[in-house]
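Asker:
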Amino acid sequence: MSAPFNAITAHRLRKVYDTPSGAVEAVAEANFDIARGDFVSILGPSGCGKSTLMLMIAGLEPATSGDATLDGLPVSGPQTEAGMMFQDPTLLPWRSVLDNVLFPIDMCSGVSPDDKVRAETLLRMVDLWNFRDKRPRELSGGMRQRVALARALIKDPRILLMDEPFSALDAITRDEMGLALARIWDKSPKTAIFITHSIREAIFLSDRILVMGRRPSRIVEDLRVPFPRPRDPSVEAKPEFNELYLHLKDKIHRTTSSPH
Amino acid sequence: MTATHMNEPTAATRSKRNTFSVDIQMLRRQARLVLLPLITAAAIVGAWEAIVRLKNIPDVLLPAPSAIAIRLFETLPFLLKQAVPTTVETIAGFLISLVLGIGLAVLVSASRFAREALYPNIVFFQLIPKIALAPLFIVWLGIGSESRVTFSVFISFFPVVVATLTGLTSVDRDLLRLCRAVGATGTKVYTRVRFPAAVPHIFSGLKIAITFAMIGVIVGEFITAQAGLGYMILFAASQAEMALIFASIALLCVIGLALYGLVVLAEATALRKYGA
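Protein chains in written order, with numbering that gives the first Met the number 0: chain V, 0 to 259; chain U, 0 to 275.
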């Protein structure tokens, strides 16, 4: 049986939160199909519902209406096949780096020797092999987020969902992390949703960029990034990069300033 | 600080001066931390001794510290025998509070029904002036250990519940999302994430509980008048044996400090594993 072409679909996804001060529409309507193996960034201003959209796709927040599918199957509960990353590394401070990477497996079954080998391979890949026995507090912010990346990849997921994973890092570390992620990507491409509010990060990493507007929060732009892979930081010097950057900046600016 | 105010010292002299002054400052600060409270306490005890002697205050009103020390030394074997039930009952009350408090916190945090049904009542319970209820425990449970231990639990479990609950609910929302996303069972989320995260909080509750547990036992001894240091204080008061009262209190302080120290020691061990 051949796998469906679209790894992720969202059809009229909508989320309304009931709060004490009334209903808040976090996502007005989201429609998109993401092809297998595509790295897709969802770009938008803060508070536009990007995170909520990702949580609905992960099955961690029920949609108010509309449907999402992952690998052709409707999302109706937590999607255990997807790897996840958040803005915070959310590591367990009492576990070693290695045990943190193994955490998803430990939490759903037992850790086998094969899992350990895989965790060790991943730690080498994110350059943390020498830190495998350290506690998270002994690591820098960027290193902690690399542990979180290795943890997201431990079950070799076909889908990776990342919610502003580099937002809390300083600019230099952030660039390094982007490059590290791109390198890992080149080795084993996966379908990914990458939430960010950094336009440069989105262009550098993505095959495709969706821009989400605020009020109403829906997809206002959908474009492909033309640069071939593997990419290195020099793409940022290309005039096309800058054109794309200005175009996206303008789009985001319009959505935030339009009177609605 | 003074080094930074000097006019452009060379980098070498500046750093040398800084390390030197930092060393002295650290030593001074540490010496202060240890010596200042000791000197203060010694001054108070010394003033106490001086006033009692100079003003010829009779022993039945206020004995001098030296008289208390002598009395403590003389009656130590007897007082230690009295200290056994007090200590044992305090530890029993504390351990039951630990199990009960943590158990209740887990129940309240895990079940919404339990939270809504129980938590307001637990909080309300705390508003009762609990000492006033002590005689009731005697009526219900008699004058034996049971009533003192029960009363001790009654006043010491609440801090454990509140602290544990705070810890169990302090886990990052995204981390809990991750647990759901990997398909973790509720039990595993408790044993591997929530509970270890709560350990530092639990100990802050236990440190309060151990002192409360002792207060409960002493109040129980006041009322049941059977044995124990609390009873000794009451008995000595009836005989106008002021030095014996103070000697008993001094021993209670030592026991209280030792029990508190044990909890702090356990905390230090646990935090080496579970601390952030």
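Backbone N, C-alpha and C fix where the C-beta goes; we use that ideal spot for every residue, glycine too.
Pull the bridge partners of Pro-73/V from the DSSP assignment, please.
Answerer: Counting from one through the first sequence, the residue named residue 73/V turns up at place 74. DSSP, once it has assigned bridges, lists Thr-68/V as partnering Pro-73/V.
Asker: Under a CB-based cut-off of 8 Å, is Leu-167/U close to chain V?
Answerer: For this step, residue 167/U is matched to residue 168 along the second sequence. It does not: the Cβ of Leu-167/U has no partner Cβ on chain V nearer than 8 Å.
Asker: Going by DSSP, which residues form a beta bridge with Glu-220/V?
Answerer: By 1-based counting over the first sequence, the position of residue 220/V is 221. Val-210/V.
Asker: Measure the alpha-carbon distance for Lys-237/V versus Val-170/U and round it to whole angstroms.
Answerer: For the purposes of this step, residue 237/V is taken as residue 238 along the first sequence, with counting starting at 1. For the purposes of this step, residue 170/U is taken as residue 171 along the second sequence, with counting starting at 1. Their Cα atoms are separated by approximately 45 Å.
Asker: Helix, strand or coil for Val-107/U, going by three-state DSSP, please let me know.
Answerer: For the purposes of this step, residue 107/U is taken as residue 108 along the second sequence, with counting starting at 1. Helix, per DSSP.
Asker: Just curious, the alpha helix (DSSP H) that Thr-149/U is in, first and last residue?
Answerer: In the second sequence, residue 149/U corresponds to position 150, counting from 1. Counting along the chain, the alpha helix (DSSP H) containing Thr-149/U begins and ends at 144-167.
Asker: Quick one: is Asn-99/V buried, meaning 16 or more other Cβ sit within 10 Å of its Cβ, or exposed?
Answerer: Counting from one through the first sequence, the residue named residue 99/V turns up at place 100. With 16 or more Cβ atoms within 10 Å of its Cβ, Asn-99/V is classed as buried.
Asker: Would you call Leu-34/U buried or exposed, if buried means 16 or more other Cβ atoms sit within 10 Å of its Cβ?
Answerer: Translated into positions along the second sequence, residue 34/U becomes position 35. Exposed: under 16 other Cβ atoms inside 10 Å.
Asker: Cutting at 8 Å between CB atoms, please list the residues of its own chain near Ile-50/U, excluding the five before and the five after it.
Answerer: Here residue 50/U corresponds to residue number 51 of the second sequence, with the count starting at 1. Within the same chain, Ile-50/U has close Cβ partners Ile-56.
Asker: Mind checking which residues open and close the beta strand (DSSP E) that includes Val-23/V?
Answerer: As a working note, residue 23/V is residue 24 in the first sequence. Its beta strand (DSSP E) spans residues 21-34.
Asker: Among the residues of its own chain, which have a CB less than 8 Å from the CB of Val-188/U, if the five just before and after it don't count?
Answerer: By one-based count along the second sequence, residue 188/U stands at place 189. For Val-188/U, where only same-chain residues beyond five positions count, the Cβ hits under 8 Å are Leu-175 and Cys-178.
Asker: Which class does Ala-131/U belong to by DSSP, given the choice of helix, strand or coil?
Answerer: On the second sequence, position 132 is the one that residue 131/U refers to. Correct three-state label for Ala-131/U: helix.
Asker: Specify, as a first and last residue, the run of the alpha helix (DSSP H) that Ala-208/U falls within.
Answerer: Within the second sequence, residue 208/U is the residue found at index 209, counting from 1. Element bounds for Ala-208/U: 194-223.
Asker: Apart from the five residues just before and just after Ile-101/U, which ones in its own chain have a Cβ nearer than 7 Å to its Cβ?
Answerer: Position 102 of the second sequence, counting from 1, holds the residue named residue 101/U. Contacts found: Val-159, Thr-163 and Ile-201.
Asker: With a cut-off of 8 Å on the beta carbons, I'd call Leu-243/V and Ile-192/V a contact; round off their distance for me.
Answerer: As a working note, residue 243/V is residue 244 in the first sequence. As a working note, residue 192/V is residue 193 in the first sequence. With 8 Å as the limit, Leu-243/V and Ile-192/V do not qualify as a contact, their Cβ atoms being about 19 Å apart.
Asker: What separation, rounded to the nearest whole angstrom, lies between the Cα atoms of Glu-240/U and Phe-123/U?
Answerer: For the purposes of this step, residue 240/U is identified with residue 241 of the second sequence, where counting begins at 1. For the purposes of this step, residue 123/U is identified with residue 124 of the second sequence, where counting begins at 1. Distance between the alpha carbons of Glu-240/U and Phe-123/U is about 41 Å.
Asker: Would you mind working out which of Ser-96/U, Pro-76/U, Thr-39/U and Arg-52/U sits nearest Ala-66/U, comparing C-alpha positions?
Answerer: Position 67 of the second sequence holds residue 66/U. Among Ser-96/U, Pro-76/U, Thr-39/U and Arg-52/U, the Cα nearest to that of Ala-66/U is on Arg-52/U.
Asker: Per DSSP, Thr-190/V is paired with what?
Answerer: By 1-based counting over the first sequence, the position of residue 190/V is 191. The partner list for Thr-190/V (beta bridge, DSSP) reads Ile-158/V.
Asker: Contact between the segment 196-214 of chain V and the segment 34-44 of chain V is defined here as three or more beta-carbon pairs at a separation below 8 Å; is this criterion met?
Answerer: Touching, yes, given that three or more Cβ pairs across the two stretches are closer than 8 Å.
Asker: By the three-class DSSP mapping on this structure, what secondary structure does Asn-5/V have?
Answerer: For the purposes of this step, residue 5/V is taken as residue 6 along the first sequence, with counting starting at 1. If DSSP states are grouped into helix, strand and coil, Asn-5/V belongs with the strands.
Asker: Which class does Ser-205/V belong to by DSSP, given the choice of helix, strand or coil?
Answerer: Looking up residue 205/V in the first sequence gives position 206. Residue state, collapsed to three classes: coil.
Asker: On the criterion of 16 or more Cβ atoms from any shown chain inside 10 Å, does Arg-145/V qualify as buried, or is it exposed?
Answerer: Residue mapping note: residue 145/V aligns to position 146 of the first sequence, counting from 1. Classification of Arg-145/V: buried, given that the 10 Å Cβ count is 16 or more.
Asker: By how many angstroms is the C-alpha of Ala-104/U removed from the C-alpha of Asn-120/U?
Answerer: The residue given as residue 120/U occupies position 121 in the second sequence. The residue given as residue 104/U occupies position 105 in the second sequence. Roughly 13 Å between the two C-alpha positions.
Asker: Measuring CB to CB, does Leu-168/V end up less than 8 Å from Ile-198/V?
Answerer: To locate residue 168/V, count along the first sequence from 1; it is residue 169. To locate residue 198/V, count along the first sequence from 1; it is residue 199. No; because the gap between Cβ atoms is not below 8 Å, this pair is not in contact.
Asker: Hey, which unbroken runs of the beta strand (DSSP E) at 3 residues or more fall wholly within the segment 82-165 of chain V?
Answerer: Fully enclosed beta strand (DSSP E) runs of 3 or longer: 158-162.
Asker: Flag Ser-203/U as yes when its Cβ comes closer than 7 Å to any non-hydrogen atom of the ligand HEM, and as no otherwise.
Answerer: Of the ligands one can find in the structure shown there are none, so the ligand HEM has no counterpart to examine.
Asker: At 7 Å on the CB atoms, spell out the chain V contacts of Lys-187/U, in chain order.
Answerer: In the second sequence, the residue the question calls residue 187/U occupies position 188. Ordered by position in chain V, the residues that pass the 7 Å Cβ test against Lys-187/U are Met-106.
Asker: Say whether chain V places a C-beta atom closer than 8 Å to the C-beta of Val-181/U.
Answerer: Your numbering for residue 181/U matches position 182 in the second sequence. So yes, Val-181/U belongs to the interface.
Asker: Mind listing the chain U neighbours of Thr-89/V? Cutoff is C-beta to C-beta under 8 Å, in chain order.
Answerer: Along the first sequence, read from residue 1 onward, the residue named residue 89/V stands at position 90. Those are Asp-171, Asp-173, Leu-174 and Leu-177, listed as they occur along chain U.
Asker: Among Pro-199/U, Met-231/U, Thr-223/U and Ala-82/U, whose alpha-carbon lies nearest the alpha-carbon of Ala-257/U?
Answerer: On the second sequence, position 258 is the one that residue 257/U refers to. Looking at the Cα atoms, Ala-82/U is the closest of the given residues.
Asker: If contacts are defined as beta-carbon pairs under 8 Å, then Glu-60/V and Ile-158/V qualify, I think. What distance do you get, rounded to the angstrom?
Answerer: Numbered from its first residue, the first sequence carries residue 60/V at position 61. Numbered from its first residue, the first sequence carries residue 158/V at position 159. About 17 Å; that fails the 8 Å criterion.
Asker: What residues from the segment 242-266 of chain U come within 9 Å of chain V, judged by C-beta to C-beta, listed N to C?
Answerer: Residues: none.
Asker: Can you grab the Cα-Cα spacing for the pair Leu-106/U / Thr-89/V, in whole Å?
Answerer: Residue mapping note: residue 106/U aligns to position 107 of the second sequence, counting from 1. Residue mapping note: residue 89/V aligns to position 90 of the first sequence, counting from 1. Each residue's Cα considered, the two are about 25 Å apart.
Asker: What number of angstroms, rounded off, separates the C-alpha of Ile-183/V from the C-alpha of Asp-66/V?
Answerer: What you label residue 183/V is simply residue 184 of the first sequence in a count that begins at 1. What you label residue 66/V is simply residue 67 of the first sequence in a count that begins at 1. When rounded, the distance between both Cα atoms is 31 Å.
Asker: In whole angstroms, what separates the C-alpha of Leu-148/V from that of Pro-36/U?
Answerer: On the first sequence, position 149 is the one that residue 148/V refers to. On the second sequence, position 37 is the one that residue 36/U refers to. Straight-line Cα distance between these residues: approximately 51 Å.
Asker: Which word fits Asp-231/V, buried or exposed, when buried means at least 16 other C-beta atoms lie within 10 angstroms of its C-beta?
Answerer: Position 232 of the first sequence, counting from 1, holds the residue named residue 231/V. Asp-231/V is exposed by the Cβ-count criterion.
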